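All remarks here apply to the structure that follows.
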Amino acid sequence: MFLNIILFVGLLSYQNFSVPDGDTIINRSIEFHDPENNWPALQARLNFSETRPNGNTRYTSYDIDNRNRSFCITREMDGNPVQRHFVADSCYYTINERNAFSEKEIKQFKLNAEYSNLLKNYYLYLWGLPMKLKDPGTHIDQTVKQVAFNGKESFEVTVSYDKDVGSDLWHFYFDPTTYELVGYKFFHDNGNGKGEYVILSDLQSVTGLQIPKSRSWYTAQDSSFLGTDILTSVAKLSQKSLR
Numbered sequence: 089m090f091l092n093i094i095l096f097v098g099l100l101s102y103q104n105f106s107v108p109d110g111d112t113i114i115n116r117s118i119e120f121h122d123p124e125n126n127w128p129a130l131q132a133r134l135n136f137s138e139t140r141p142n143g144n145t146r147y148t149s150y151d152i153d154n155r156n157r158s159f160c161i162t163r164e165m166d167g168n169p170v171q172r173h174f175v176a177d178s179c180y181y182t183i184n185e186r187n188a189f190s191e192k193e194i195k196q197f198k199l200n201a202e203y204s205n206l207l208k209n210y211y212l213y214l215w216g217l218p219m220k221l222k223d224p225g226t227h228i229d230q231t232v233k234q235v236a237f238n239g240k241e242s243f244e245v246t247v248s249y250d251k252d253v254g255s256d257l258w259h260f261y262f263d264p265t266t267y268e269l270v271g272y273k274f275f276h277d278n279g280n281g282k283g284e285y286v287i288l289s290d291l292q293s294v295t296g297l298q299i300p301k302s303r304s305w306y307t308a309q310d311s312s313f314l315g316t317d318i319l320t321s322v323a324k325l326s327q328k329s330l331r
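Numbering (this note's numbering), first residue to last: 89 to 331.
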């Protein structure tokens with residue numbers, strides 16, 4: 089009996105000792121998803137379909153040119169292809185190749201910097217994980233938990249942000265063997281508000297990056313299904329897009 093207790097305590101000590109800290113897990117996950125460090129210079133068009141429980145499907149294209157800090161989001165709104173172009177810190181718009189709009193159109197299509205930057209950062213952050221966890225203003229908790237996520241043993245790393253970056257509290261889940269990012273959970277208002285969690289699956293190679301093709305969303309409170317985002321295709325940016 090005494091020997092069993094010693095072995096049990098020793099096993100717990102070994103398990104606790106063998107769990108890497110938060111920075112180590114993030115670094116190893118980036119090595120898994122971006123082994124050639126391609127993310128900082130990525131130039132690609134990502135096409136998405138975003139389905140919701142009511143049967144609606146939204147289609148979005150995102151031109152990412154990290155090398156030149158140039159981006160373009162194309163999404164159909166009220167039957168019109170709305171493009172939001174970003175070059176460095178500036179933003180401009182085109183609809184059906186027009187770049188002059190009435191006040192009604194500006195409101196109808198939300199042609200304002202606040203909404204447009206929200207979209208840009210939303211897609212860039214989620215589809216750029218875990219690499220985006222190296223951005224300034226990110227605070228990685230070094231204490232890592234071993235938990236079950238989606239029925240599998242995972243490392244949980246908690247991440248918070250500077251006030252001027254964001255107020256959500258995030259929990260990221262990693263495969264303990266490969267360090268693949270398998271999902272995440274976030275809560276608004278520094279962890280005090282409502283939250284959601286996302287299950288990632290079906291890795292796809294994108295110019296050397298390993299990006300999850302599917303993202304299924306659920307409420308954190310009762311696991312109600314919210315929808316699935318699918319990376320449907322990837323293409324190289326044309327020379328016109330890179331100008």
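We treat Cβ as the ideally placed atom computed from N, Cα and C, and that holds for glycine. Nothing here was measured: the structure is a model prediction, and the numbers come from that model.
Exercise for the section: Please report how far the alpha carbon of His121 lies from the alpha carbon of Lys192, in whole angstroms. Expected result: For the purposes of this step, residue 121 is taken as residue 33 along the sequence shown, with counting starting at 1. For the purposes of this step, residue 192 is taken as residue 104 along the sequence shown, with counting starting at 1. Each residue's alpha carbon lies about 43 Å from the other.
Practice task
Return yes when the Cβ of Leu288 is within less than 8 Å of the Cβ of His269, no when it is not.
Solution key: Here residue 269 refers to the residue found at position 181 when the sequence shown is read from its first residue. Here residue 288 refers to the residue found at position 200 when the sequence shown is read from its first residue. For clarity, residue 269 is Leu in the given sequence; the question names His instead. In contact: Leu269 and Leu288 (Cβ atoms closer than 8 Å).
Problem - Assigned secondary structure, Asp196 (DSSP; H/G/I helix, E/B strand, else coil) - result: If you number the sequence shown from 1, residue 196 lands on position 108. Before going on, a small fix: residue 196 reads as Gln here, not Asp. Three-state result, Gln196: helix.
Exercise for the section: Can you give me the start and stop residues for the alpha helix (DSSP H) that Asp111 sits inside? Expected result: As a working note, residue 111 is residue 23 in the sequence shown. Looking at the DSSP string, the run of the alpha helix (DSSP H) that includes Asp111 is Gly110 to His121.
Exercise for the section: Give the DSSP-derived three-state secondary structure of Ala236 in the structure shown. Expected result: Along the sequence shown, one-based indexing puts residue 236 at 148. Strand at Ala236.
Exercise for the section: State yes or no: is the C-beta of Ala176 within less than 8 Å of the C-beta of Asn154? Expected result: Your numbering for residue 176 matches position 88 in the sequence shown. Your numbering for residue 154 matches position 66 in the sequence shown. No, the Cβ-Cβ distance between Ala176 and Asn154 is not below 8 Å.
Handout entry: DSSP three-state assignment for Asn135, whether helix, strand or coil
Key = Along the sequence shown, read from residue 1 onward, the residue named residue 135 stands at position 47. Asn135: strand per DSSP, three-state reduction.
Problem - Where Ala129 falls: helix, strand or coil (DSSP) - result: Position 41 of the sequence shown, counted from the first residue, corresponds to residue 129. In this structure, Ala129 counts as helix in the three-state DSSP scheme.
Exercise for the section: Can you grab the Cα-Cα spacing for the pair Lys198 / Tyr211, in whole Å? Expected result: For this step, residue 198 is matched to residue 110 along the sequence shown. For this step, residue 211 is matched to residue 123 along the sequence shown. Spanning the two alpha carbons is a distance of roughly 17 Å.
Exercise for the section: Could you say if the stretch 104 to 119 and the stretch 242 to 258 meet the contact criterion of at least three C-beta pairs nearer than 8 Å? Expected result: yes
Practice task
Report whether the distance from the Cβ of Ser190 to the nearest heavy atom of the ligand ATP is below 7 Å.
Solution key: For the ligand ATP, the structure offers nothing, since it holds no ligand at all.
Handout entry: Any 3 or more C-beta pairs closer than 8 Å across the stretch 179 to 195 and the stretch 213 to 226
Key = no
Handout entry: Segment limits, beta strand (DSSP E) that includes Leu314
Key = Here residue 314 is taken as the residue at index 226 of the sequence shown, counted from 1. Per DSSP, Leu314 belongs to the beta strand (DSSP E) from Phe313 to Lys324.
Problem - Classification of Leu206 by the beta-carbon crowding that lies within 10 angstroms, buried from 16 upward - result: Within the sequence shown, residue 206 is the residue found at index 118, counting from 1. Classification for Leu206: exposed.
Exercise for the section: Could you tell me if Pro141 is buried or exposed, where buried requires 16 or more neighbouring beta carbons within 10 angstroms of its beta carbon? Expected result: Locating residue 141 in the sequence shown gives position 53, where the first residue counts as 1. Exposed is the call here.
Handout entry: Residues near Gln230 by beta carbon distance below 6 Å, same chain, minus five either side
Key = Indexing the sequence shown from 1 puts residue 230 at position 142. Closer than 6 Å at the Cβ level, and outside the excluded window around Gln230, lie Asp109 and Gly110.
Exercise for the section: Give a yes or no on whether the C-beta atoms belonging to Val322 and Trp305 are separated by under 8 Å. Expected result: Position 234 of the sequence shown, counted from the start, is the residue given in the question as residue 322. Position 217 of the sequence shown, counted from the start, is the residue given in the question as residue 305. It is not a contact, given that the beta carbons lie outside the stated cut-off.
Exercise for the section: Using the DSSP secondary-structure output, state which residues sit across from Asn168 in a beta bridge. Expected result: To locate residue 168, count along the sequence shown from 1; it is residue 80. DSSP output for Asn168 lists Met165 as bridge partner(s).
Handout entry: Spatial distance of Leu99 from Asn280 (CA atoms)
Key = In the sequence shown, residue 99 corresponds to position 11, counting from 1. In the sequence shown, residue 280 corresponds to position 192, counting from 1. Because Leu99 sits at a pLDDT of 42, beneath the cut-off of 50, its placement in the model cannot be relied upon, and the point is left open.
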